[in-house]
Structures are given as structure tokens and as C-alpha cells.
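In my numbering, the protein residues as written are 152 to 630.
Written as C-alpha cells, this is what we have:
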């Protein structure tokens with residue numbers, strides 16, 4: 152071993168005792184975790200066990216278990232069993248917990264029993280970021296992404312999927328019955344063994360068919376006609392890939408455009424984002440302490456009622472309208488080619504004619520105005536490019552001016568969607584890389600929300616350490 156760096160002899164004794172603190176530098180993130188949790192009022196946040204019981208075996212302080220979890224998620228160790236192992240061999244955790252090593256059941260029960268309090272602790276860290284003065288731009292980007300649940304696709308059923316599975320089983324039974332009939336005509340031990348195997352397979356398939364038949368009425372009783380057997384709250388959701396999907400949850404986040412910190416988040420089991428704009432914008436606005444907030448979101452969030460409610464809540468939305476016009480798809484003029492004239496309460500068509508207001512109706516709770524001009528359409532040379540009907544009708548929502556003002560804002564700010572993408576999509580990539588191929592490890596919506604809060608708390612801690620550094624962050628926590 153000459154000419155190499157040599158380590159100490161394993162049998163070498165140590166004259167003076169070594170301190171754990173000597174192994175944890177002043178710039179180690181574990182010191183920030185320690186100060187952050189110690190600064191929390193755990194009782195006010197709702198953690199159980201803050202006051203020890205007068206009798207019985209002493210328990211672990213909730214602050215110690217919270218430190219353990221924050222450290223674990225910061226280092227991509229989310230499993231309670233892995234945390235138990237790390238607590239007994241990881242020097243940083245030994246320093247953080249005072250060489251205590253709770254068993255995995257205690258660690259898992261803490262996360263299960265303190266969900267609302269853990270989510271409140273995540274919000275407290277965002278409040279710390281606000282006190283430090285990081286939210287000065289008052290612009291937030293919102294997006295949603297699908298995360299896998301602890302539920303295989305074969306354990307999720309809709310009426311169409313159940314029927315398809317039953318048809319497949321029926322086809323398999325018919326195929327095996329035909330093979331069994333052929334085997335019965337033959338003689339010998341080999342033919343007998345084959346017949347027994349086929350009969351066994353048919354029996355299993357018939358038992359499976361009976362299970363599917365028993366599942367049908369349970370599925371029909373579900374409000375959304377969807378059933379997941381492993382995680383009852385998980386739902387089948389379409390993803391960006393054509394014809395693909397996952398069984399999981401829709402995670403919503405709002406990210407500030409200045410420092411890319413996640414200021415608000417929510418987990419829902421609805422596969423679309425259309426109803427999430429106002430709730431996420433309001434949560435982001437409150438978290439950032441902003442009087443007004445510019446909110447950037449993609450086309451999936453476009454909904455007239457949501458845009459109206461978002462503006463009423465003091466947030467200014469920037470959401471492009473989806474291009475769903477059937478006329479445009481067929482190569483004809485779309486509604487955007489018709490110009491509304493407020494002074495006349497009329498539309499000017501591409502040929503220059505005026506479409507006057509003729510009627511008002513209420514559909515699905517919305518008040519809609521209809522505009523047309525039969526005489527102009529009959530004599531119009533552009534009619535083949537406009538409509539196959541006798542005349543072109545234009546529908547206008549009573550609050551259409553709000554949507555037109557939002558489109559004007561987007562036209563004045565052509566980089567808004569580029570900013571949204573650069574702001575909010577990278578955190579999702581980071582979180583999914585941390586969580587691994589299986590994403591969530593817990594079941595049911597309530598526990599999944601707790602797990603997501605721990606992931607986002609760890610993300611924000613790491614992000615703030617990158618922005619400020621460990622020592623300035625500790626100073627801000629102690630201020």
C-alpha cells in the first residue's frame with residue numbers, strides 16, 4: 152500500500168472522545184433543518200404528543216420525528232424502514248436526533264397521524280420566505296401534473312374497462328374449452344395431464360369472471376363510475392402521451408417567477424385542471440402576501456367562470472384560450488375572426504357586415520347572447536368560408552369582456568407562456584426525479600397530501616439554501 156493515501160488502523164484507539172458536531176460542518180443543510188423545526192410552535196400547528204403523557208412509556212418528541220422526515224425527504228429517503236436504518240448509521244442523522252433511532256412503525260405512524268400539522272409546517276416555511284423578502288415580483292405560475300398512486304392499472308376499473316376485461320376472459324374460456332375438447336379425444340398420460348391443466352385454467356378464469364360480475368354493481372354505485380381496489384381515492388387520468396394514462400393523483404403547484412419557490416400546492420383526484428385556477432391563485436396570493444398577483448397558466452386552466460372568479464379574488468390571470476373551434480378545423484372563419492363593437496352591441500363579420508343582437512338565453516347557468524344577420528349572410532360572397540348553415544350565428548357570454556381583456560393582456564405580453572413554462576415545469580421534473588418511478592408511497596388522498604407536503608417542504612428548503620446559503624438561512628430563521 153505504499154505511495155497511496157492510507158487510512159487509520161481499525162484497531163487504533165482514540166485518546167480523546169470525538170464529538171458528533173465535528174462531523175457536521177457549519178454549512179451542512181442538516182443544521183438548517185434543526186433550527187427550522189426548533190423554531191416552530193408544534194402545539195399551535197396541531198402536532199400530537201407535544202405534551203408528554205403522565206404515565207406509560209416515554210414517547211419521542213414530535214419535533215425529532217419531523218426533523219427525521221424533513222431530512223429524509225431532502226435526501227430522497229421517504230420510506231420509514233429506510234429512515235430507521237439511516238438513523239442508526241448516518242452521522243448527520245445521529246447529530247440531528249441525538250443518536251435516537253425510532254423504529255419504522257413509530258416513524259410511519261407520525262406521518263399518518265399528523266397530516267394537517269405537517270402541511271401547516273410546509274406553509275410556515277413559505278411564510279419564512281415571505282419574511283425574508285423573496286416575493287417581490289408578484290408573479291406566479293400554476294400547473295398540474297399526474298403522479299402515480301399505489302394502484303396498478305389492472306386494479307382500476309371503469310364500466311368500459313370492466314366490460315373489456317370480461318370479454319377477454321370469456322374469449323379465453325372459449326379458447327380453453329375448445330382445447331380441452333380436443334385433448335379429451337386423445338389417449339395416454341400426456342393427454343390426461345393436458346386436460347387437467349386446461350380444466351384448472353378454466354376454473355380459475357370462471358372464478359375471475361365471477362369476481363368481475365360481483366364488481367359491476369359496486370362500480371355502478373360509485374359517483375364517478377370508477378373504482379380503484381388498492382388505493383380507493385386514486386383515479387385513472389390521461390397524460391400527455393397519446394392513448395396513455397396512469398392511475399394516480401393530479402398535483403397542483405404555484406411557483407413564484409422570481410426565485411422558483413413553490414408557494415402553494417394541492418393534490419386532487421380529478422384528471423383535469425379547469426376548476427383549479429381560482430383556488431390555486433388565491434392560495435398563492437395569500438402565501439406571497441401580495442395585494443395583487445399575476446397568474447400564468449396553460450390552456451388546460453381556461454374556464455370562463457374560473458377566470459371571472461380569479462379576477463374577483465384580486466389575481467390577474469394569463470390563460471390562453473384552447474383552439475377548439477370546429478369551424479377553424481374545417482378551414483372556415485372562427486369566432487376570433489368576428490370583431491365585437493361595444494358601442495353598437497354587434498359583431499362585425501369578415502365581410503364587413505353587422506351581426507345584430509337578436510336573443511338572450513341561459514344554458515348551463517350562463518347567460519348567452521346570440522347575434523346574426525340573415526339578409527347579409529344570404530348575399531355574402533364569403534359564406535362558403537363562414538358557415539354551411541343558412542346564416543352564421545355568434546354567441547357571446549355576458550362576461551365575455553373579461554376573456555377579451557385577458558386575451559389583450561396575452562397579446563401585449565407574448566413571452567408570458569414561455570415564462571410560465573420555465574418557471575413551473577422544472578419543479579415538477581425535480582420532484583418526480585426525487586420520488587422515483589413509483590412516485591407516491593402512501594394510499595388515500597389525505598395521506599398522499601401529507602406526503603406531497605413533505606416533498607415540497609424539502610424542495611423549498613433545498614431551493615432556499617441555494618439562494619441564501621445555510622448560515623444566512625439560519626440567521627433568518629432565528630431573527
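Cβ atoms here follow ideal geometry from the backbone N, Cα and C, with glycine treated the same way.
{"Item": "Residues bridged to residue 307 (per DSSP)", "Value": "379"}
{"Item": "Residue nearest to residue 357 in terms of C-alpha spacing, selected from 346, 333, 381, 328", "Value": "328"}
{"Item": "Cβ pair residue 102, residue 198 closer than 8 Å", "Value": "Past the boundaries of the shown model lies residue 102; the chain is included only from 152 to 630, so the question cannot be answered."}
{"Item": "First and last residue of the uninterrupted beta strand (DSSP E) at residue 274", "Value": "It is not in any beta strand (DSSP E) - residue 274 instead sits in the alpha helix (DSSP H) that spans 266–283."}
{"Item": "N-terminal and C-terminal residue of the alpha helix (DSSP H) that residue 572 is part of", "Value": "567–586"}
{"Item": "Contact test: residue 557 Cβ vs the ligand COA heavy atom, cutoff 7 Å", "Value": "This structure simply doesn't include the ligand COA, nor any ligand for that matter."}
{"Item": "The alpha helix (DSSP H) enclosing residue 450, as first and last residue numbers", "Value": "First-last for residue 450: undefined, no H or E at that position."}
{"Item": "Environment of residue 589 [buried if 16+ CB atoms lie within 10 Å]", "Value": "exposed"}
{"Item": "Classification of residue 285 by the beta-carbon crowding that lies within 10 angstroms, buried from 16 upward", "Value": "buried"}
{"Item": "Residue 422 and residue 401 closer than 8 Å at C-beta", "Value": "yes"}
{"Item": "Presumed contact (8 Å Cβ cut-off) between residue 381 and residue 594, rounded CB distance", "Value": "7 Å"}
{"Item": "Segment contact, 8 Å Cβ cut-off, at least three pairs: the stretch 570–577 with the stretch 286–303", "Value": "yes"}
{"Item": "Close Cβ partners of residue 259 (< 7 Å) along its chain, the five nearest in sequence each way excluded", "Value": "231"}
{"Item": "Cutoff 7 Å; reference residue 183; Cβ partners in own chain excluding five residues on either side", "Value": "612, 616, 621, 624, 625"}
{"Item": "Residue 518 - partner residues in DSSP beta bridges", "Value": "513"}
{"Item": "Boundaries (first-last residue) of the beta strand (DSSP E) holding residue 469", "Value": "466–469"}
{"Item": "Where residue 295 sits in the DSSP three-state scheme", "Value": "strand"}
{"Item": "Rounded C-alpha distance that separates residue 177 from residue 211", "Value": "26 Å"}
{"Item": "Nearest to residue 191 (by Cα), restricted to the options 276, 246, 576", "Value": "276"}
{"Item": "Residues of its chain near residue 157, where Cβ-Cβ distance is below 6 Å and the 5 sequence neighbours each way are ignored", "Value": "none"}
{"Item": "Nearest candidate by alpha-carbon position, reference residue 628, set 185, 162, 155", "Value": "185"}
{"Item": "Contacting residues, own chain, Cβ-Cβ under 8 Å from residue 320 (five flanking each side not counted)", "Value": "356, 359, 360, 363"}
{"Item": "Cβ-based neighbour list, residue 462, same chain, cut-off 8 Å, excluding 5 preceding and 5 following", "Value": "468, 553"}
{"Item": "Inter-stretch contact at 8 Å, needing at least 3 Cβ pairs: the stretch 530–541 / the stretch 507–518", "Value": "no"}
{"Item": "Buried or exposed (CB count within 10 angstroms, at least 16 for buried), residue 601", "Value": "buried"}
{"Item": "3 or more residues per run - each beta strand (DSSP E) lying fully within the stretch 382–437", "Value": "386–389, 396–407, 413–419"}
{"Item": "For residue 444, the residue or residues it bridges with in DSSP", "Value": "466"}
{"Item": "Rounded C-alpha distance that separates residue 299 from residue 384", "Value": "12 Å"}
{"Item": "Range covered by the beta strand (DSSP E) that runs through residue 545", "Value": "545–548"}
{"Item": "Of the residues 470, 162, 367, 252, the one placed nearest residue 215, counting alpha carbons only", "Value": "252"}
{"Item": "Contact check, residue 391 vs residue 398, beta carbons under 8 Å", "Value": "no"}
{"Item": "Spatial distance of residue 415 from residue 432 (CA atoms)", "Value": "9 Å"}
{"Item": "Identity of the residues DSSP links to residue 632 by a beta bridge", "Value": "Given a span of 152 to 630 for the chain in the structure shown, any question on residue 632 remains unanswerable."}
{"Item": "Counted within 10 angstroms of its Cβ, other Cβ atoms place residue 315 as buried (16 or more) or exposed", "Value": "exposed"}
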